[in-house]
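Just add 672 to the spot in the sequence shown (first one is 1) and you have the working numbering.
For every residue, glycine included, the Cβ atom is placed at its ideal position computed from N, Cα and C.
Working notes, beginning with the structure itself.
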Amino acid sequence: MNFNKEDWCIFKGNDKEWEELIKEYPESTYLDQKEWSLHLEEFGWNKIRLTKSNRKSGKSILQGFIKFLPFSNCIVWIPGGILGPYENLINFPDNLKKIFKISFCLIRIRSHQVYDPNKEIELLKNRFRRPLIPLSTKFKVILNLEDSIDNISKRFSRSWKRSLKRSYGNKIKIINIKNPKIISDIYKDMKSNKKLTKNNIYTEDHCSSIFKAFGEKLIVLGAEEKNTKRVIAIRGIIISNKKSYDIFAASNNLGRNLLASHMLLYTLIKESINRGCKEYDLSNIDPMNSLGVYNFKKGTGGKIIQTLGEFEWTNSIFLKIFILFYTLFKKLKSIK
């Protein structure tokens, strides 16, 4: 079966040409950039970049990742969602199967774009469904940085201001982190606390890969306890297209007691403003299962938004059951 000129097809350009293309889409994030592909390729994912042009709806593009499995099966992960009109989703799974010559696949899309019912309708029309176990929530906090730090600080909640002030009274020093092991060790420490749940526990290999891929776009700060010189909390951001994105955030018991996260975030807000960022994406919130994180992020005065979230499509009950049990295992493992 031949492709027609309005099918999805592989993007033929190089990384530089892809970077220029995604600049045309204001909804793009670091997940659509070459650095994220370099990171995931370290862990066995094959990068795919697809485009589709339609005379009526316009041009849509995506950067996704594929893992090939035995017996003509594959898993496709699109962490940045579809860029451009969602009307172009028609025939997407069939085009994908033809391009990669596979029979069965599971496609998982996660869109960070503000919720749009019309986009959800297009997904549902094309037989995409909400997954039974999503990898993250649909809600996040965005902090507007188009103001002075003094005015932004005035919008902090009373308890946030109080905690920030107390943190500066504690014996904490803010330092730059360049060693991925420091980050992974803090995550291990946090994971061992049974009161916490964390789906994204970064290993040293993951941290090293992100450092290597993003280079100067990545800023990681640590809170060092002055007496012991021990790092008790970390927070990291990726700066891209005048936006800051949370990527690392972890604290051990002492870090929480000394309110180190408040000082770290405040420092990163100031650094983001100094680098010309217009907003700070504080990432996902889950009031039901992580009330402390929700209150912490909400206390900055940021805006809570609902994103389009996650959808999946599959023509294989085997893959659906496999992913269901895998995500369930990951969530259970994260709270041990």
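Once the 5 residues before and after residue i are set aside, which same chain residues still bring their CB inside 6 Å of it?
i: residue 685; result: none
Please go through the same chain and pick out, in chain order, the residues whose beta-carbon is closer than 7 Å to the beta-carbon of residue i, but skip the five residues on each side of it.
i: residue 949; result: 817, 911, 914, 915, 916
i: residue 1029; result: Any property of residue 1029 remains undetermined from this structure, which presents the chain solely from 673 to 1008.
i: residue 827; result: 973
i: residue 996; result: 804, 805
i: residue 706; result: 687, 690, 691
i: residue 883; result: 852, 890
i: residue 801; result: 983, 984
i: residue 730; result: 756, 757
i: residue 951; result: 814, 815, 816, 817, 915
In three-state DSSP terms, what is residue i?
i: residue 794; result: helix
i: residue 881; result: helix
i: residue 684; result: coil
i: residue 848; result: strand
i: residue 819; result: coil
i: residue 755; result: strand
i: residue 1015; result: In the structure as shown, the chain begins at 673 and stops at 1008. Residue 1015 is therefore absent and cannot be evaluated.
i: residue 745; result: strand
i: residue 776; result: strand
i: residue 788; result: coil
i: residue 952; result: strand
i: residue 692; result: helix
i: residue 996; result: helix
i: residue 740; result: strand
i: residue 989; result: helix
i: residue 863; result: helix
Keeping to the same chain, check which residues put their C-beta closer than 8 Å to that of residue i; ignore five residues upstream and five downstream.
i: residue 978; result: 786, 787, 810, 811
i: residue 727; result: 678
Can you give me the start and stop residues for the beta strand (DSSP E) that residue i sits inside?
i: residue 727; result: Looking at the DSSP string, residue 727 is not in any beta strand (DSSP E), and its letter there is neither H nor E.
i: residue 986; result: 975-986
i: residue 907; result: 902-912
i: residue 920; result: 915-923
Rounded to the nearest angstrom, how far is the Cβ of residue i from that of residue j, given a contact under 8 Å?
i: residue 858; j: residue 922; result: 4 Å
What are the boundary residues of the alpha helix (DSSP H) that includes residue i?
i: residue 808; result: First-last for residue 808: undefined, no H or E at that position.
i: residue 709; result: 706-713
i: residue 833; result: 830-841
i: residue 938; result: 932-946
Worksheet item: Three or more C-beta pairs closer than 8 Å, one from the stretch 766-786 and one from the stretch 935-951: is that the case here?
Response: no
Fill in: Touch test, the stretch 832-848 against the stretch 898-911, Cβ-Cβ under 8 Å, three pairs minimum
Touching, yes, given that three or more Cβ pairs across the two stretches are closer than 8 Å.
Worksheet item: Okay, do the stretch 703-723 and the stretch 735-744 touch, 3+ Cβ pairs below 8 Å being the bar?
Response: yes
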